[in-house]
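Input: a single structure, listed below in structure tokens.
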Amino acid sequence: MQKSLIASWRASFLTGLAIVLPGVVTLAVVKWLFGTVSSFTDTLLFFLPYWLSPRTIYQDGISGPVFWYWSLLALLLAIAIVSVVGVLGRYYFGKRLIAWADSLMLRVPVLNKIYGTLKQVDEAFTSGKKSSFKTVVLIEYPREGIYSVGFVTSEQADEVEKKTGKKCVCVFIPTTPLPTGGFLVVVPEEKVIKLDMSVADGFKYIISIGALANESIPPPSRK
Numbered sequence: 215m216q217k218s219l220i221a222s223w224r225a226s227f228l229t230g231l232a233i234v235l236p237g238v239v240t241l242a243v244v245k246w247l248f249g250t251v252s253s254f255t256d257t258l259l260f261f262l263p264y265w266l267s268p269r270t271i272y273q274d275g276i277s278g279p280v281f282w283y284w285s286l287l288a289l290l291l292a293i294a295i296v297s298v299v300g301v302l303g304r305y306y307f308g309k310r311l312i313a314w315a316d317s318l319m320l321r322v323p324v325l326n327k328i329y330g331t332l333k334q335v336d337e338a339f340t341s342g343k344k345s346s347f348k349t350v351v352l353i354e355y356p357r358e359g360i361y362s363v364g365f366v367t368s369e370q371a372d373e374v375e376k377k378t379g380k381k382c383v384c385v386f387i388p389t390t391p392l393p394t395g396g397f398l399v400v401v402p403e404e405k406v407i408k409l410d411m412s413v414a415d416g417f418k419y420i421i422s423i424g425a426l427a428n429e430s431i432p433p434p435s436r437k
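The working numbering applies: residue 215 is where the sequence shown begins, and numbers increase by one.
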């Protein structure tokens, strides 16, 4: 009798976990993203202490983290600013202003290295280049005989090819279940197994820790 009660409870718990877990993970990811973004956007509210009492702004009444509704206001303000910059970027005056700002950033020592690199990465993913996260692949990583899912980010590795004597591609391997980080691996092209799945299905596969493999991922074939 006791075993049957335990088995029933276990079945109910696993069923409830399967129902609740996606929602909990989704809320956790949203909270993490909101906290990460707000740590930057909160600086847009630098003017608040001049208008309001610290007790109405900060959680401890003095300084530090602000109340969540101020963070939400800062996020909306950031969205508005980005939208305005986007509108300006569509017209001649705005384009000239943005070009001037780019030129200024690229002239500042140290900052020019960071800004220039980030700008090149941003252009790679927003310019619609065919090589930017367009192909899902399998590669033998971290060692031979073990496969990892990755995304081809570039098929141009001139210096690497000169040193190795082989045509290589750059593959980004995201972490799981949250693909917010990962590893860059340069792999000989003949060692890459291209998959037929879309980029969206590839990310679903990674985020689900392989649980969606049977539904969305066809068997790999070497090309």
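All residues carry an ideal CB built from backbone N, CA and C; glycine is no exception. Only a predicted model underlies this, so the values are computations on that prediction, with no experimental measurement involved.
Where does residue i fall in DSSP's three states?
{"i": "K408", "result": "strand"}
{"i": "S467", "result": "Nothing about residue 467 can be read from this structure; the chain reaches only from 215 to 437."}
{"i": "I360", "result": "coil"}
{"i": "Y264", "result": "helix"}
{"i": "P279", "result": "coil"}
{"i": "Y305", "result": "coil"}
{"i": "Y272", "result": "strand"}
{"i": "S329", "result": "Here residue 329 is Tyr; the residue named in the question, Ser, does not match the sequence. Correct three-state label for Y329: helix."}
{"i": "Y419", "result": "helix"}
Would you mind stating whether residue i and residue j have Cβ atoms separated by less than 8 angstroms?
{"i": "V366", "j": "L409", "result": "no"}
{"i": "V413", "j": "K348", "result": "yes"}
{"i": "V251", "j": "L286", "result": "no"}
{"i": "I420", "j": "P388", "result": "yes"}
{"i": "L352", "j": "I312", "result": "no"}
{"i": "F417", "j": "P393", "result": "yes"}
{"i": "Y355", "j": "V399", "result": "yes"}
Where DSSP assigns a beta bridge to residue i, which residues make up the other side?
{"i": "L350", "result": "With the sequence shown as reference, residue 350 is identified as Val, and Leu is not the correct amino acid for it. V350 pairs with F365."}
{"i": "G424", "result": "Note: G424 sits in no beta bridge, so no partner."}
{"i": "G188", "result": "Since the first and last residues shown for the chain are 215 and 437, residue 188 lies out of range."}
{"i": "V322", "result": "In DSSP, V322 forms no bridge with anything."}
{"i": "V438", "result": "Limits of the chain in this structure are 215 at one end and 437 at the other, which puts residue 438 out of reach."}
Since residue i contacts residue j with CB under 8 angstroms, what's their CB separation in whole angstroms?
{"i": "F386", "j": "G396", "result": "6 angstroms"}
{"i": "F281", "j": "Q273", "result": "6 angstroms"}
{"i": "P402", "j": "K377", "result": "In fact, because the Cβ distance is near 12 angstroms, the residues do not count as touching under 8 angstroms."}
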